[in-house]
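So for the sequence shown, the numbering used here puts the first residue at 25; every next one is plus one.
Using N, Cα and C, we set each Cβ at its ideal position, and we do this for glycine too.
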Amino acid sequence: MGALRDFVADLLDSEGALIEPVEPDGLDVLAPEKVRNAMGWPELARLGFGAQLPLGAMPIGLEGDWLDRFGTLLGDRGRFAERQLVLPVPVAAPGDPERRLNGVLDLRNAIWRLRDARPMMTRCLLLAFRYTATSDERREGLIWLGFNTGTGAALEDDMVDRLRQLLANNMEWLAPDPEARPQAGPACDASILAERIRARLDHLVRRDLDYFLRAMRRRLDRDCGRVHEYHADLRRSALTARASLQSATGEKAEADRKRESMRVAAIAREYAAKLDDLRHNYALRVKVDWVQGLVLFAPVHRYEVLIRRRKGERIVAIDWHPAVRMMEPPLCDWGLGLERARLVCDDHLHLTDLAGQAPCPSCGKAWCRACQDPTCPRCKRTAPSSAKIQ
Ligand SMILES: [Zn+2]
Ligand SMILES: [Zn+2]
25 MGALRDFVAD LLDSEGALIE PVEPDGLDVL APEKVRNAMG WPELARLGFG
75 AQLPLGAMPI GLEGDWLDRF GTLLGDRGRF AERQLVLPVP VAAPGDPERR
125 LNGVLDLRNA IWRLRDARPM MTRCLLLAFR YTATSDERRE GLIWLGFNTG
175 TGAALEDDMV DRLRQLLANN MEWLAPDPEA RPQAGPACDA SILAERIRAR
225 LDHLVRRDLD YFLRAMRRRL DRDCGRVHEY HADLRRSALT ARASLQSATG
275 EKAEADRKRE SMRVAAIARE YAAKLDDLRH NYALRVKVDW VQGLVLFAPV
325 HRYEVLIRRR KGERIVAIDW HPAVRMMEPP LCDWGLGLER ARLVCDDHLH
375 LTDLAGQAPC PSCGKAWCRA CQDPTCPRCK RTAPSSAKIQ
């Protein structure tokens, strides 16, 4: 529980509390009034974080509402920060940039050429979102997204994880150098970024929830099967009872037949109501909240790549990140860009997913979804958008 103790010690220290470590794995806290009120502690509190508590300590752990109380104390602080990544040791740029670029660039209808390479400072945005999915069960998770606003690229999950690990492990927190900001260039267009975040988040939340959803569907199918079986049995026996009364005559037989018919109808109604209950019980609600953001000023090696398609040319920037020794993927003007393959459009040389230039399913006309909305310019039918995940 060392990490929790360190976090609590830092938080209380920033709130003006006096802290003294006490063994095993505890803290003595002399708390100011604000902390006492938020946490419900006396002025002098002894906290214990491990399985073994110091004498007279109050156990603090992840269970119960401790995290909520610390969250209240923390408020909105720490939600957004800027920091500079400084390499502990210099890292030489790759000696074979073309080969590295070949590893990330797969242009299906255009050629490219490396035009320039130089060290730069860039601005990466790392954002954390928490999702909560609730149906008959509940699942929570945290998703991190990364963007390089200097190149417009969405960083791969693996790269984001490695950057975060690097920042979390023994790297000193440094505020951005005043020169880093102008070097990193202007921040990117907020509306474009918001759309990319939305599409990517949607994809990642669905991917994370895939197993949860499949397990939920299995339980739903099982319950529907049970309800169906139970009511089918009831219905069968009611129908058999009614059939056995078929040939009987007289007022009593007529009343019995009517009663069995009503039973059959009641079983059908009950079955429908039970299915409705199940639908309600298994209805899925997913809530996604932004929790944290970090602007990271990071040194990169920037490659300017000239892309040629027919008579058009465009220069795109692709960064190699020395901190994690990885080349980022090229930007993607339309689609999530999860695959390496890109198509380049004729008019504006947009880089898109393959689906971003796909032919219209109705009339066969191919067009660039980054240039125009998802409506086919020829027959005006709307194609499904891969940026909006199905
Ligand atoms: Zn285009
Ligand atoms: Zn069409």
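(request) Return yes when at least one heavy atom of ligand 1 lies under 7 Å from the C-beta of D371, else no. (result) Correct: D371 has its Cβ closer than 7 Å to ligand 1.
(message) I need the boundaries of the beta strand (DSSP E) containing A157, first residue and last residue.
(response) Per DSSP, A157 belongs to the beta strand (DSSP E) from I135 to T158.
(request) Could you tell me if N172 is buried or exposed, where buried requires 16 or more neighbouring beta carbons within 10 angstroms of its beta carbon? (result) Classification for N172: buried.
(message) Just list the residues that DSSP pairs T175 with in beta bridges.
(response) BP columns for T175 are empty, so no partner.
(message) Does A322 come out as helix, strand or coil in the three-state DSSP assignment?
(response) If DSSP states are grouped into helix, strand and coil, A322 belongs with the strands.
(request) Express the C-alpha separation of D245 and A192 in angstroms, rounding to a whole number. (result) Cα-Cα distance, rounded: 43 Å.
(message) I'd like the ranges of any beta strand (DSSP E) spanning at least 3 consecutive residues and lying wholly in the region 30 to 76.
(response) Counting whole runs of 3 or more residues, the region 30 to 76 contains the beta strand (DSSP E) stretches 42 to 46, 50 to 54 and 68 to 72.
(request) Following the continuous beta strand (DSSP E) through D343, name the residue where it begins and the one where it ends. (result) Per DSSP, D343 is one residue of the beta strand (DSSP E) stretching across G336 to H345.
(message) For S159, tell me which candidate among R242, L308 and P121 has the shortest Cα-Cα distance.
(response) Cα-wise, what sits closest to S159 is L308.
(message) As an exercise, report each continuous alpha helix (DSSP H) stretch of at least 4 residues that is fully enclosed by the region 76 to 113, in chain order.
(response) Fully enclosed alpha helix (DSSP H) runs of 4 or longer: 90 to 98.
(message) Can you give me the C-alpha to C-alpha distance between W65 and P56, rounded to a whole angstrom?
(response) Distance between the alpha carbons of W65 and P56 is about 10 Å.
(message) Can you find the residues in the same chain that come closer than 6 Å, C-beta to C-beta, to A15, ignoring five residues on each side of it along the sequence?
(response) Absent from the model: residue 15. The displayed extent of the chain is 25 to 414, so no value can be given.
(message) Checking 8 Å against the spacing of the C-beta atoms, do L375 and C356 come in under that value?
(response) In this structure, L375 places its C-beta atom within 8 Å of the C-beta atom of C356.
(message) Quick check on F73: buried or exposed, where buried means 16 or more other Cβ atoms within 10 Å of its Cβ?
(response) Classification of F73: buried, given that the 10 Å Cβ count is 16 or more.
(request) Could you tell me which of C392, C395, L150 and V115 sits nearest to L178, measuring between CA atoms? (result) Residue identity check: residue 178 is Ala in the sequence provided, not Leu. Comparing alpha carbon positions, the residue from C392, C395, L150 and V115 closest to A178 is L150.
(request) Determine the extent of the alpha helix (DSSP H) in which V288 is found, giving its start and end residues. (result) Counting along the chain, the alpha helix (DSSP H) containing V288 begins and ends at E275 to Y306.
(request) May I have all residues whose beta carbon comes closer than 6 Å to any heavy atom of ligand 2, sorted in chain order? (result) Checking every Cβ against the heavy atoms of ligand 2 under 6 Å gives C384, S386, C387, K389, C400, R402, C403 and R405.
(message) Distance cutoff 8 Å, beta carbons only. Does C356 sit that close to anything in chain C?
(response) Chain labels in this structure do not include chain C; a single protein chain is all it has.
(message) Judging by CA-CA distance, which residue of G388, M351 and Q381 is the nearest neighbour of R186?
(response) It is M351 whose Cα lies nearest to the Cα of R186.
(message) On the criterion of 16 or more Cβ atoms from any shown chain inside 10 Å, does R345 qualify as buried, or is it exposed?
(response) In the sequence on display, residue 345 carries His and not Arg. Buried, because 16 or more other Cβ atoms sit within 10 Å of the Cβ of H345.
(request) Quick one: give me the first and last residue of the beta strand (DSSP E) that V115 is part of. (result) Where V115 is concerned, there is no enclosing beta strand (DSSP E), given that its DSSP letter is neither H nor E.
(request) Taking only the alpha-carbon atoms, compute the straight-line gap between L169 and D257 and give it to the nearest angstrom. (result) Looking at the two C-alpha atoms, the distance is approximately 52 Å.
(request) May I ask you to report which of helix, strand or coil DSSP gives Q189? (result) Helix.
(request) Indicate the three-state DSSP secondary structure (helix, strand or coil) for V128 in the structure shown. (result) V128: helix per DSSP, three-state reduction.
(request) Look up M351 in the DSSP assignment and give the residues it is bridged to. (result) Beta-bridge pairing links M351 to W344.
(request) Using beta-carbon positions only, say whether C369 and C400 come within less than 8 Å of one another. (result) C369 places its beta carbon 8 Å or farther from that of C400.
(message) For ligand 3, is there any heavy atom lying closer than 7 Å to the beta carbon of C392?
(response) Among the ligands present in this structure, namely ligand 1 and ligand 2, ligand 3 is not found.
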